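Counting from 61, one number per residue, gives the positions in the sequence shown under our numbering. In what follows, a structure is listed as structure tokens, so that the remarks can point back to it.
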Amino acid sequence: MGIRGILKALPKTAKKVAVLDRTKEPGALGDPLYLDVATTLREAGLDTVVLTGGRYGLGSKDTPPSSVFAVYKELEKDAPKARFTIGIVDDVTNLSLPEVKPAPITSAEGTVE
61 MGIRGILKAL
71 PKTAKKVAVL
81 DRTKEPGALG
91 DPLYLDVATT
101 LREAGLDTVV
111 LTGGRYGLGS
121 KDTPPSSVFA
131 VYKELEKDAP
141 KARFTIGIVD
151 DVTNLSLPEV
161 KPAPITSAEG
171 TVE
């Protein structure tokens, strides 16, 4: 995607951005996509954009819509968590975002599940 691709995809009105990585890089300052976006924002002079980073789908865990909506809920806060996980309950680091319940309906009308 590169710097140009990230900046093109980012609305000029963006005030907060959540980056979701599907990897864990122990010992690193951040996960790969998070670091790419952080560097892009910094180099573009967009230091006022609040950046958060989360992990999803680790250990083949499903990521239902209720987990994704939890990220949006977190971004509504004045000071969202800098790091978080979704789709798992992490009682060691307490980084898990609680799923939005009841789960939002994301399927098209008339869909039979």
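Yeah, the Cβ is synthetic: ideal placement off N, Cα and C, and Gly gets one too. Here the structure is a predicted model, which is why all the values come from computation and not from measurement.
Helix, strand or coil: which one does DSSP assign to residue 100?
For residue 100, the secondary structure class from DSSP, reduced to helix, strand or coil, is helix.
6 Å Cβ shell around residue 85 - same chain, five flanking residues per side excluded:
91, listed in sequence order.
In angstroms with no decimal places, state the Cα-to-Cα distance between residue 181 and residue 115.
With the chain covering 61 to 173 only, the question about residue 181 has no answer from this structure.
Have a look at residue 62 and residue 82 and give me their C-alpha separation to the nearest angstrom.
Each residue's CA atom was taken as its position, placing residue 62 and residue 82 some 18 Å apart.
Top-ranked residue by Cα proximity to residue 120, from 147, 72, 166:
For residue 120, the nearest C-alpha among the options comes from 147.
Can you give me the start and stop residues for the beta strand (DSSP E) that residue 115 sits inside?
Residue 115 -> beta strand (DSSP E) spans 110-115.
Excluding the 5 residues preceding and the 5 following residue 74 in the sequence, name in chain order all residues of the same chain whose CB lies nearer than 7 Å to its CB.
The answer, listed in chain order, is 109.
One or two residues paired with residue 145 in a DSSP bridge:
Its beta-bridge partners are 115, 156.
CB-CB length for residue 140 against residue 166, believed under 8 Å
No, residue 140 and residue 166 are not in contact; Cβ-Cβ is about 22 Å, not under 8 Å.
Would you list the one or two residues that DSSP bridges to residue 133?
For residue 133, which the question treats as bridged, DSSP gives no partner whatsoever.
My understanding is that residue 79 touches residue 113, with C-beta atoms under 8 Å, so please give their C-beta distance in whole angstroms.
The distance from the Cβ of residue 79 to that of residue 113 is about 5 Å, consistent with a contact at the 8 Å cut-off.
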